[in-house]
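Worksheet: the structure to be examined is printed underneath.
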Amino acid sequence: MFKTLEEEKDSIDLVTNSMFSISFLDTITLAIFNSNTNSVSLIDFYKDWLHKIGVSKPKIPFNLGIFSGYLFCGLLITKENWSNLLPDKAISTLNPEWGLSEISCLPLSNNDPRLPQFIRHIRNALSHANFTIQMPKPEEINGDLNKMHLKTKWTFKDSDCFEVTLTMIQLEKLIKKFQGVVHQDVRTKIT
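If you want it as structure tokens, here you go:
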């Protein structure tokens, strides 16, 4: 299952981070709709939340755990229900809006896969927890969320035939574009 203890630690940290993010979203949602919170500053709210969850040092609510949930919903649900809407084109020929120009893809059977197969491989890697995340060092990002998105890399492996590394920005573009295609298709059925 895990090749190293570090991989196992990273996996449980991903789950834990998801839980922290959900806790933060729950707590801030309750605060927003509570009439007594008008006078609470954001920093006071944040410090109170940290105290309630038993964390002494700052914890960023937007983290890889919540991003993993975004990937699961954004790729698994859309792929399973609307893969027929994906353009059947090679990755190298796609519009840059898909976020897949300049990728390092290592499929052993095809170095320029078609988009439906590419997404299927990523979906398989997500479903079988066969991915790794390479985080930048804190000094590389200096608290800049944009740099974190650019420098955090996800590597997806599907059996022995596929491996790709994408930044968070590339993944965000891929999910947003796919969701946009699906959203437009569904909306045209409604009107």
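Following the numbering used here, the numbering of the sequence shown begins with 5 at its first residue and continues without gaps. For every residue, glycine included, the Cβ atom is placed at its ideal position computed from N, Cα and C. All of these numbers come straight from a predicted model, not from anything done at the bench.
Rounded to the nearest angstrom, how far is the Cβ of residue i from that of residue j, given a contact under 8 Å?
i    : j    : result
V186 : W86  : 5 Å
V202 : I107 : The chain is shown only over 5 to 195; residue 202 falls outside these bounds and no answer can be derived.
F135 : T159 : 6 Å
T156 : I126 : Not quite, the Cβ-Cβ distance comes to about 16 Å (not below 8 Å), so this is no contact.
Measuring alpha carbon to alpha carbon, tell me which residue in the options is nearest residue i.
i    : options              : result
Q188 : T82, K61, D14, L104  : T82
L75  : I194, K180, G184     : K180
A133 : K161, S39, K155      : K161
E84  : I123, A35, M23       : I123
L175 : I145, L104, M152     : L104
N67  : E12, E11, T20        : T20
S15  : L34, N115, L130, I36 : L130
Could you give the distance in angstroms between the alpha-carbon of residue i and the alpha-carbon of residue j?
i    : j    : result
E143 : N128 : 33 Å
W53  : D148 : 22 Å
Y50  : I95  : 42 Å
M23  : L154 : 24 Å
S39  : L89  : 45 Å
F28  : S72  : 16 Å
I32  : I26  : 10 Å
V44  : M139 : 33 Å
P4   : L178 : Not covered by the structure: residue 4. The range shown for the chain is 5 to 195.
N150 : G78  : 20 Å
E11  : T171 : 19 Å
S163 : I145 : 33 Å
K7   : I194 : 48 Å
P62  : I173 : 24 Å
D30  : I36  : 10 Å
S60  : K13  : 20 Å
I47  : L34  : 16 Å
H55  : L9   : 30 Å
K93  : T192 : 23 Å
For a quick check, are the C-beta atoms of residue i and residue j less than 9 Å apart?
i    : j    : result
G58  : D17  : no
P120 : F166 : no
P91  : L98  : yes
Residue i CB to nearest chain C CB: under 9 Å?
i    : result
K181 : The structure shown contains no chain C; it is built from a single protein chain.
* What are the start and end residues of each continuous beta strand (DSSP E) run of 3 or more residues lying completely inside the stretch 124-171, in chain order? -> 135-138, 157-162, 166-171
* Mind listing, in chain order, the continuous alpha helix (DSSP H) runs of no fewer than 4 residues lying wholly within the stretch 34-96? => 46-56, 68-75, 82-86
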